[in-house]
Amino acid sequence: MTLDTTPPAPTDAGPAGPSPGASRTRGSDLLLAAACGAGMSLAFPWTVPGWGIEVLPEGYLEPLSLLVLVPLLVRLGAGTARRAFFLGWIAGAVFFAFLLRWPAEAMTVFGGLPAIAVWPTLSLLWAFLGLFWALPLWAARRIHSTLGWPPERTLPLLWVASEFARNYLLTGFPWGNLGSSQARTLWLAQLASIGGVYLVAGVVVFSNCVLAAWLHSRLQRRPLPRWSLSGLLVVLTAAGAFGAARLSAGAERPTDESLRIAAVQGNLDERAALHGPLAQAWVIQRMLAQSREAAAEGARVAVWPEGTLPDAVPAGVERLFGPPLALEIPGLEIIAGAAVRDAEGGEAFLRNSAFALDGAGWVRGRYDKRHLVPFGEYVPLSWLLPWRWFVPANVAFFRPGEGHEPLRLAPGPLGVLVCYEAIFPEIARETVERGARLLVNITNDAWYLRSAGPAQHLNLARMRAIETGRYLLRAANCGISAVFDERGRERASLPLGLSPNPAERLSAGDLLPAQRLVADVVLLDSETVYQRTGDLFAWICAGFSLALLAVSFRRKNKPATMPAPG
37 MTLDTTPPAP TDAGPAGPSP GASRTRGSDL LLAAACGAGM SLAFPWTVPG
87 WGIEVLPEGY LEPLSLLVLV PLLVRLGAGT ARRAFFLGWI AGAVFFAFLL
137 RWPAEAMTVF GGLPAIAVWP TLSLLWAFLG LFWALPLWAA RRIHSTLGWP
187 PERTLPLLWV ASEFARNYLL TGFPWGNLGS SQARTLWLAQ LASIGGVYLV
237 AGVVVFSNCV LAAWLHSRLQ RRPLPRWSLS GLLVVLTAAG AFGAARLSAG
287 AERPTDESLR IAAVQGNLDE RAALHGPLAQ AWVIQRMLAQ SREAAAEGAR
337 VAVWPEGTLP DAVPAGVERL FGPPLALEIP GLEIIAGAAV RDAEGGEAFL
387 RNSAFALDGA GWVRGRYDKR HLVPFGEYVP LSWLLPWRWF VPANVAFFRP
437 GEGHEPLRLA PGPLGVLVCY EAIFPEIARE TVERGARLLV NITNDAWYLR
487 SAGPAQHLNL ARMRAIETGR YLLRAANCGI SAVFDERGRE RASLPLGLSP
537 NPAERLSAGD LLPAQRLVAD VVLLDSETVY QRTGDLFAWI CAGFSLALLA
587 VSFRRKNKPA TMPAPG
């Protein structure tokens with residue numbers, strides 16, 4: 037993408053294809069697009085296959101995202117919108133291929149699918165997600181050729197609109213939002229408290245566009261786009277000043293209450309396949325032992341991960357544990373994840389739930405996960421299409437809960453995000469809107485073994501703390517458990533607790549000991565701008581993008597004599 041307004045020979049309504057010169061470089065264009073997509077994936081937590089999880093120090097590779105797309109954008113400035121779409125799709129598909137290798141672990145080891153089925157399935161996912169890179173690049177090129185607007189003015193808005201659509205389309209899958217690449221670059225991530233993760237993504241893309249325009253002007257020996265460079269300098273300076281100010285001051289007021297809370301990481305490796313009454317009792321005793329130690333350290337609440345209990349419990353259960361299995365833990369409340377067996381109209385189903393318990397195991401409240409994982413917890417349109425033929429037989433069929441009401445414990449209302457719900461900004465915001473003073477994310481990432489999945493999931497949850505201005509405690513079955521403050525700063529964490537045994541099936545004796553994390557958090561009532569306005573910034577970008585596209589389809593290419601805007 038460049039500032040050059042000279043139109044391509046064919047119109048974007050019906051491009052005749054690349055020029056002969058472009059055809060000669062098509063192979064290099066594909067390599068360039070793939071390299072840019074792969075490079076962008078390095079701004080996220082990643083692993084080298086066979087090496088296990090390697091999360092690099094904070095802020096080490098994240099700055100790549102601010103410039104790694106520059107070569108692709110420069111190259112796209114000389115072609116048609118169709119070419120921009122194709123190369124953008126290649127870059128996006130490669131980005132998601134590097135980012136989302138980890139589902140293969142769950143699909144092969146636990147889903148029982150052969151590799152010959154797994155990789156084509158994932159390739160379809162990568163190809164589909166690549167469209168969300170292709171569309172904004174296509175639209176920016178079309179608007180450039182018809183309206184003369186340079187991409188640094190339009191592509192950030194178009195990209196935000198695309199990320200926003202991906203958050204909702206087909207139930208939504210916002211994994212890999214470019215804004216979340218900055219979750220560990222805290223000075224820049226603070227912008228999420230204003231416009232959500234989408235504002236951070238817009239700044240990332242704006243930086244790439246301006247640097248691409250600058251590089252193109254140098255290569256073409258044209259005047260530097262000073263207004264664009266000044267704009268980028270102003271944006272980054274303002275973001276840095278805002279981030280520094282926000283990180284140097286806490287939101288806590290003298291009236292805010294502190295709470296000592298514990299995350300109990302059971303390290304129940306899914307390869308052990310624990311089931312049955314004896315396993316249920318053993319797991320409860322294992323978790324209670326750590327909870328009792330946490331209570332002795334002053335914790336008033338202990339959080340157990342998603343699906344801690346090996347077997348589902350009946351919907352009307354009144355007590356999850358008690359004598360002779362366990363004695364009461366005075367002064368402690370527990371949030372425990374468990375599947376619930378339910379039935380309606382003669383049809384049995386499950387719910388993925390979080391129970392609020394007192395120290396004697398009595399149920400005081402329950403939250404049912406509302407946003408389920410497609411093909412993991414339910415099969416989309418199973419009543420209409422024979423999807424059941426194409427998914428593993430052991431995929432459970434859950435039903436969603438209703439609403440995102442916090443669990444009301446003695447210290448205050450705690451908003452629970454079950455697993456996948458932590459990747460959606462609007463769910464955390466709604467939970468806080470309903471009164472949550474602390475966010476609790478319970479999850480089971482043991483399905484993804486030693487891949488980048490757990491670390492990427494952790495970063496997404498971290499963004500929810502910044503957006504909502506709430507402390508967030510994350511309790512993960514085998515890690516990574518952590519506590520983040522309302523600025524996204526890590527206050528405490530536990531590493532992955534997977535067994536080093538590489539076998540696909542383990543015994544209980546292979547499991548690592550359970551662990552606990554005890555930390556002091558603050559129950560907050562203050563609101564961020566994002567918490568008050570929601571996805572307003574993303575809606576504005578989406579509306580502006582649609583308006584520009586509508587106008588572009590009513591016009592032909594700009595004459596070559598038009599001066600460059602900006």
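Numbering-wise, the sequence shown is residues 37 to 602 according to this note's numbering.
Virtual Cβ for every residue (Gly too), placed ideally from N, Cα, C.
Since this is a predicted model, take the numbers as computed values, not measurements.
Evaluate residue i with the Cβ neighbour count: other Cβ atoms within 10 Å of its Cβ, from every protein chain shown; 16 or more gives buried, anything less gives exposed.
i	result
T190	buried
S159	exposed
G395	buried
P156	exposed
S588	buried
H440	buried
A384	exposed
S562	exposed
V557	buried
S389	buried
T273	exposed
A275	buried
L67	exposed
E306	buried
E413	buried
My guess is that residue i and residue j are in contact by the Cβ rule of under 8 Å, so how many angstroms apart are they, rounded?
i	j	result
L453	L475	6 Å
W483	A70	At roughly 29 Å, the Cβ-Cβ gap does not stay under 8 Å, so W483 and A70 are not in contact.
N477	A497	5 Å
A335	V554	5 Å
S229	I576	Going by Cβ atoms, the distance from S229 to I576 rounds to 17 Å, so no, they are not a contact pair.
S4	S217	Outside the modelled stretch of the chain, which goes from 37 to 602, sits residue 4, for which no answer is possible.
E117	R62	Per the sequence shown, the amino acid found at residue 117 is Ala instead of Glu. In fact, because the Cβ distance is near 17 Å, the residues do not count as touching under 8 Å.
F80	G128	The Cβ separation is near 14 Å, so there is no contact.
G489	W263	Incorrect: roughly 42 Å between the Cβ atoms, too far for contact.
G638	W174	Look at the range of the chain in this structure, 37 to 602, and you will see that residue 638 is not part of it.
P187	L109	7 Å
By DSSP, does residue i sit in helix, in strand, or in coil?
i	result
L295	strand
N388	strand
P156	helix
D521	coil
E354	coil
S216	helix
L443	strand
R591	coil
D404	strand
E306	helix
F433	coil
P549	coil
L193	helix
R257	coil
I179	helix
V110	helix
P139	helix
N477	strand
Determine, using beta carbons only, whether residue i and residue j come nearer to each other than 8 Å.
i	j	result
S400	L393	For the record, residue 400 in the displayed sequence is Arg; it is not Ser. Contact flag set, yes.
F460	G208	yes
G533	Q321	no
A372	W398	no
L235	F573	yes
G437	Y403	yes
L161	L136	yes
R523	S517	no
A308	S64	no
P350	Q316	no
By Cβ distance below 6 Å, which residues in the same chain neighbour residue i in space, the five residues on each side in sequence not counted?
i	result
C455	E342 and T479
E457	H407 and I463
R552	A298, V300, Q326 and A330
G448	R473 and L559
I179	W185, T190, L584 and S588
A153	none
A133	W162
Once you ignore the five residues that flank residue i on each side, which residues in its own chain have a CB closer than 8 Å to its CB?
i	result
G279	L222, W223, L224, A225, Q226 and L227
L97	L78 and A79
Identify, in the order they occur along the chain, each residue of the same chain with its Cβ nearer than 7 Å to the Cβ of residue i, setting aside the five sequence neighbours on each side.
i	result
L268	F242, S243 and V246
E466	H440
R444	G401
R435	F385 and R387
L547	N303, L304, D305, A308 and S535
F121	A170, L173 and W174
The ligand PLP heavy atoms versus the CB of residue i: any closer than 7 Å?
i	result
A153	What this structure holds is no ligand at all, so the ligand PLP is not there to describe.
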